[in-house]
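S.K.: Could you have a look at this structure, given as structure tokens, before my questions?
Number of protein chains: 2
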Amino acid sequence: MRERILETADLLFYQRGIRAVGVDTIAAEIGISKRTLYNHFPSKDELIAAYLAGRFTRAPASDKPPVEQILGTFDRLERGFAAKGFRGCPFVNAVAELGAEDQSVRKIAVAFKESRRLWFRDLLQQLGVADAEGLATQLTLLVDGAIAQDLVRNDPSMARAAKQAAKVLLKNAGVEVGGEKSPRDVR
Amino acid sequence: MRERILETADLLFYQRGIRAVGVDTIAAEIGISKRTLYNHFPSKDELIAAYLAGRFTRAPASDKPPVEQILGTFDRLERGFAAKGFRGCPFVNAVAELGAEDQSVRKIAVAFKESRRLWFRDLLQQLGVADAEGLATQLTLLVDGAIAQDLVRNDPSMARAAKQAAKVLLKNAGVEVGGEKSPRDVR
DNA sequence: CATTAATTACACAGGTCGGTGTAATCAAGT
DNA sequence: ACTTGATTACACCGACCTGTGTAATTAATG
């Protein structure tokens, strides 16, 4: 039951916004009473916290070459954009609508962003990149930029543009980037 | 009066979020009656529209070299981040919290993003960059990425990281980038 | 059958929201 | 002094919000 509530809350919160979705709506969507929902989550705030915690997914470990893993991120991003229902980064959205004063939300958002940056950094270190820290940060900028742009534009090709930029940055850092198909049509 | 209302709405909407601020709050903040507010704006939706329209500022024309204008964007960004009260891109935030179904909000957000992209593109064309379209898009990704990252991290140095990445992209496109100070400390 | 735990329906509290109606007040212009 | 228009105070509406209290119902377990 708790799972049903969480996955429904996740869907509605992400799709329509946290403030825009009431607990009644969630309960009604599942077909349970509001009382049952409150038996599993003491407050909406806790439900929001659980929703964000559930969105905190680490990038899966892989045995593929680091370069492919890094560039593959942008391919997964593009598939995510193309999938219906994509509506930006849930953490950025939460911070945007819940305000800066909500420290708990901001904290988990920071943790998520940082985890991705560290994932990039470790792969870059494996590649022997000198300034792995700085380049990792730059790659996250491309990721979040593409997400924000797609949120307002609904244009999945933003992921490809980000990938092209990432290739240039990698190459500039001395990383050998597999040519892969054609580099045309960035947008 | 209309101006007073607009600037107060701007401040509160941007700072606390659109849904989080009621019309009563705005009126109370100014010290006017709610009735007066509704005499100037027929509904909150129209006030929101006016708020976003007011945020739509074009980049000022400049006689400085295109490269400096482009890179200067990131310096202005960093100053914006450092200024207290910065809370991300108002258009992205609005789309995030008002949902995708609100077409009017999305439209103006797209218009704003596109206007910045075109500004980049024109400058790049002046520099003789071959794929000015694509590179302009990539630069906007860096801008929006830095904004999103700063929103959650409160870390103005994200603008510097974006600037460093922009320099690499420009150089890769054959643009001569003035060395400027020291390139260390990207993050 | 008896016990236990979860879930139900349902009413309700206290609050905020966007928005309206109205009659009184105020300020300026002629 | 008279008119005009803006603003005021204030009550009110219906809707929605989070959260609670309660007693009945259901389902599984011993």
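Residue numbers (the working numbering), protein chains in the order written: chain A, 677 to 863; chain S, 677 to 863.
In this text, a Cβ means the ideal position worked out from N, Cα and C, and glycines have one as well.
If you're wondering where the values come from, they're calculated on a predicted model, not measured in any experiment.
(1) What whole-angstrom Cβ distance do PHE757/S and MET677/S have, given they're in contact under 8 Å?
(2) If GLN814/S sits next to ALA841/A, beta carbons under 8 Å apart, how far is it from one beta carbon to the other, in whole angstroms?
(3) To be precise: take each residue of the stretch 752-785 of chain A, compare its Cβ to all Cβ atoms of chain S, and keep it if any distance is under 9 Å. Which residues remain?
(4) When you compare only the Cα positions, how much space is there between ARG695/A and VAL828/S?
(5) Would you report the Cα separation of VAL851/S and ALA787/A, rounded to the nearest angstrom?
(6) Under 9 Å Cβ-Cβ, which residues of chain A neighbour GLY617/S?
(7) Under 7 Å, Cβ to Cβ, is there at least one residue of chain A near ALA737/S?
(8) Reducing DSSP to helix, strand and coil, say where ILE708/S ends up.
(9) Counting only Cβ-Cβ distances shorter than 9 Å, please list the residues of the stretch 837-848 of chain S near chain A, keeping chain order.
(10) From which residue to which residue does the alpha helix (DSSP H) around GLY775/A run?
(11) Considering Cα atoms alone, identify which of GLU722/A, GLN779/A, LEU803/A, GLY693/A is closest to ASN769/A.
(12) In or out: LYS783/A buried (at least 16 other Cβ within 10 Å) or exposed?
(13) Distance cutoff 7 Å, beta carbons only. Does GLN801/S sit that close to anything in chain A?
(14) From this set, THR701/S, PHE732/S, GLN779/S, which residue's C-alpha is nearest PRO766/S's C-alpha?
(15) Return the first residue and the last residue of the alpha helix (DSSP H) that ASP826/S is part of.
(16) Does the stretch 722-738 of chain A come within contact of the stretch 724-731 of chain S, defined as at least 3 CB pairs closer than 8 Å?
(17) Under three-state DSSP, which class holds ALA759/S?
(18) With a CB to CB cut of under 7 Å and the five nearest residues on each side skipped, what residues in its chain are close to VAL771/S?
(19) I'd like to know if GLY850/S contacts chain A, where contact means its C-beta is closer than 7 Å to some C-beta of that chain.
(20) Is LEU713/S near ALA704/S, with beta carbons less than 7 Å apart?
(21) Beta-carbon separation of ASP826/A and ALA824/S under 7 Å?
(22) Pull up the distance between the alpha-carbon of LEU817/A and that of ALA822/S, whole angstroms please.
(23) Which class does ILE681/S belong to by DSSP, given the choice of helix, strand or coil?
(24) In angstroms with no decimal places, state the Cα-to-Cα distance between ASP831/S and GLU809/S.
(25) ALA776/A: buried (16+ other C-beta within 10 angstroms of its C-beta) or exposed?
(26) My output table needs one value for GLY916/S: the three-state DSSP class, helix, strand or coil.
(27) Starting from the beta carbon of THR820/A, find every residue of chain S whose beta carbon is closer than 8 Å, and list them in chain order.
(28) Flag GLU683/S as yes if its beta-carbon sits less than 7 Å from any beta-carbon of chain A, otherwise no.
(29) If you measure from the beta carbon of ARG734/S to each beta carbon in chain A, is any gap under 7 Å?
M.R.: Here's the rundown:
(1) With 8 Å as the limit, PHE757/S and MET677/S do not qualify as a contact, their Cβ atoms being about 33 Å apart.
(2) 4 Å
(3) ARG763, GLY764, CYS765, PHE767, VAL768, ASN769, ALA770, VAL771, ALA772, GLU773, LEU774, GLY775, ALA776, GLU777, ARG782, ALA785
(4) 18 Å
(5) 37 Å
(6) Because chain S spans 677 through 863 in this model, residue 617/S falls outside it and cannot be assessed.
(7) no
(8) coil
(9) ALA837, ALA838, GLN840, ALA841, VAL844, LEU845, LYS847, ASN848
(10) Counting along the chain, GLY775/A falls outside any alpha helix (DSSP H), and DSSP gives it neither H nor E.
(11) GLY693/A
(12) exposed
(13) no
(14) PHE732/S
(15) 808-829
(16) no
(17) coil
(18) VAL781, ARG782, ALA785
(19) no
(20) no
(21) no
(22) 6 Å
(23) helix
(24) 29 Å
(25) buried
(26) Lying before the first or after the last residue shown, residue 916/S is absent from chain S, which here runs from 677 to 863.
(27) As written in the sequence, residue 820/A is Asp, which differs from the Thr given in the question. Going along chain S in sequence order, the residues near ASP820/A (Cβ under 8 Å) are ASP820, GLY821, ALA824, GLN825.
(28) no
(29) no
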